[in-house]
Amino acid sequence: MSEPFLGEIRPFGFGFTPKGWASCDGQLLSIAQNTALFSLLGTMYGGDGRTTFALPDLRGRAGMHPSPVHTQGEPGGQEGVALTAAQIPLHSHTANCSNIVGTQTNPAGKFWAQDSNKYVVFNSAGGATMAATAIGNAGQSQSHPNMQPYLVVNYCIALQGAFPSRN
2 MSEPFLGEIR PFGFGFTPKG WASCDGQLLS IAQNTALFSL LGTMYGGDGR TTFALPDLRG
62 RAGMHPSPVH TQGEPGGQEG VALTAAQIPL HSHTANCSNI VGTQTNPAGK FWAQDSNKYV
122 VFNSAGGATM AATAIGNAGQ SQSHPNMQPY LVVNYCIALQ GAFPSRN
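Under this note's numbering, the residue at position 126 of the sequence shown is numbered 127, and the numbers go up by one with no gaps.
Pasting the structure below:
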């Protein structure tokens, strides 16, 4: 294997951190003991910039190239998301009804039925809005997983190696 660039990040298929490398787990390093690496990373990934700086934290994250919208070192995304009503596609619910006169006083597990007083509570025009309590909301406002398929590998950053040139 050729000598890595200082600060180079590589995925490894084995479960330990090789000599001269550190795990990309967000750990803080001493600036005094890692001046060359600090000159490359600065506090882009954290640290106080006086005595410490942080390594990238790729635990549970996928790397992404910087863009005009996302700067290097910026974390983003969520492992779980709770949708709002505005994010749910337009849809309708079917109301299951019976044209038989209702005889039960407890509606649990039953269909809507014709009123025993023969009072018609609807009009003949379609598209009428029902009472909000006629069909209840479903769900419990729980978040759902929002993760792309993944394979866990060991990401490490080179603590030693050739200092990268800009040209």
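Even glycine gets a Cβ: it sits at the ideal position worked out from N, Cα and C.
Continuous beta strand (DSSP E) stretch holding residue i: start and end
i, result
"F13", "I10 to F13"
"L30", "L29 to S31"
According to DSSP, residues forming a beta bridge with residue i
i, result
"V82", "H145"
"Y151", "Beta-bridge pairing links Y151 to no other residue."
"I158", "I10 and A23"
"D49", "The partner list for D49 (beta bridge, DSSP) is empty, contrary to what the question assumes."
"A163", "F6"
"F17", "DSSP output for F17 lists no bridge partner at all."
"A55", "L29"
Limits of the unbroken alpha helix (DSSP H) element including residue i
i, result
"F39", "T36 to L42"
Nearest-angstrom beta carbon gap, residue j and residue i [assumed within contact, 8 Å]
i, j, result
"Q1", "A83", "The shown model of the chain, from 2 to 168, leaves out residue 1, and the question about it has no answer."
"C157", "S24", "6 Å"
"G81", "H145", "6 Å"
"G8", "L42", "6 Å"
"G27", "D58", "3 Å"
"A159", "G21", "7 Å"
"N155", "P12", "7 Å"
"G162", "P5", "4 Å"
Distance cut-off 7 Å: residue i Cβ against heavy atoms of the ligand GDP
i, result
"L29", "As presented, the structure is devoid of all ligands, the ligand GDP included, so that no description of it is given."
contact_flag[the stretch 43 to 55, the stretch 145 to 152] where n(CB pairs < 8 Å) is 3 or more: no
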